[in-house]
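Each remark here refers to the structure printed beneath this line.
Residue numbers (our numbering): 31 to 301.
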């Protein structure tokens, strides 16, 4: 009888051990699966003469694919101060992130990483990717093709002594969003956010694209940043993938959200 009780006890201990091992193994497999399922947060930074809703088409498709997203309200006051603001947003996000910038927003993301190891990729959408000391004004004027200057409205004086810049509303469609329906472009013109003249002339700091992989997408009908300038910046940054959308205007994320989302996904899933 004693031997029977000993055998039963050993069987119970063995069963408990095996059960614990099985649960632990299953937990390890489940944790590995969950880790694979975790998608990086896509952080989108708009540029001058735009606002966060310019990402709506991209956001809708990213949400459908299960990506967490944040569309930052870029202050458009200055490269360093705007980058510091975006950097503070990045610090509040747990896990990996992909940082996406449009137009002047590219200069901002170039300066916002600040050795943040969670930022795994940069995506430049018709965007500036300046090197140290370069400005948006200088880069857009380095190659022929930009017609932004004549399309600007008279500057608006602001309390600190600087000036805010807008695009003339009647020129907004042709200059900024030629491949967007007229009604949509009119709304964009009315809701455009101004940028300070100083921001466009502020020198950039050490570029994140020298240490963080980058992807580029832009249109060949961009009238704000010439295609030649965009191509130059993409090559200099050793872009992992550069997509040129035929016929696309400066707001390629509005007119071709599918193409932009594909590039973002490539950046998000790259090893």
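The beta-carbon is built from N, C-alpha and C at its ideal position, and this holds for glycine as well.
Query                                                                                                                                                                             : Result
Start and end of the beta strand (DSSP E) containing residue 198?                                                                                                                 : Segment: none, residue 198 is in no beta strand (DSSP E) and carries neither H nor E.
Decide yes or no for the touch test of the segment 69-84 against the segment 130-149: beta carbon pairs closer than 8 angstroms, at least 3 of them.                              : yes
With a threshold of 8 angstroms on Cβ separation, who are the neighbours of residue 20 within its own chain once the five nearest residues in sequence on each side are excluded? : There is no way to answer for residue 20, as the model of the chain reaches only from 31 to 301.
Run through DSSP, which three-state label would residue 241 get?                                                                                                                  : coil
Does DSSP put residue 72 in a helix, a strand or coil?                                                                                                                            : strand
Residue 157 to residue 258, Cα distance in whole Å?                                                                                                                               : 12 angstroms
State the start and end residues of the unbroken beta strand (DSSP E) segment that holds residue 273.                                                                             : 272-275
To the nearest angstrom, report how far apart residue 301 and residue 189 are at their CA atoms.                                                                                  : 48 angstroms
Comparing alpha-carbon positions, which option in 166, 201, 71 and 224 lies nearest residue 129?                                                                                  : 71
Assuming residue 224 and residue 194 make a contact with CB atoms under 8 angstroms, what is their CB distance in whole Å?                                                        : 4 angstroms
Classify residue 88: buried if its beta carbon has 16 or more other beta carbons within 10 angstroms, exposed otherwise.                                                          : buried
Roughly how many angstroms lie between the CA atoms of residue 222 and residue 241, to the nearest whole one?                                                                     : 33 angstroms
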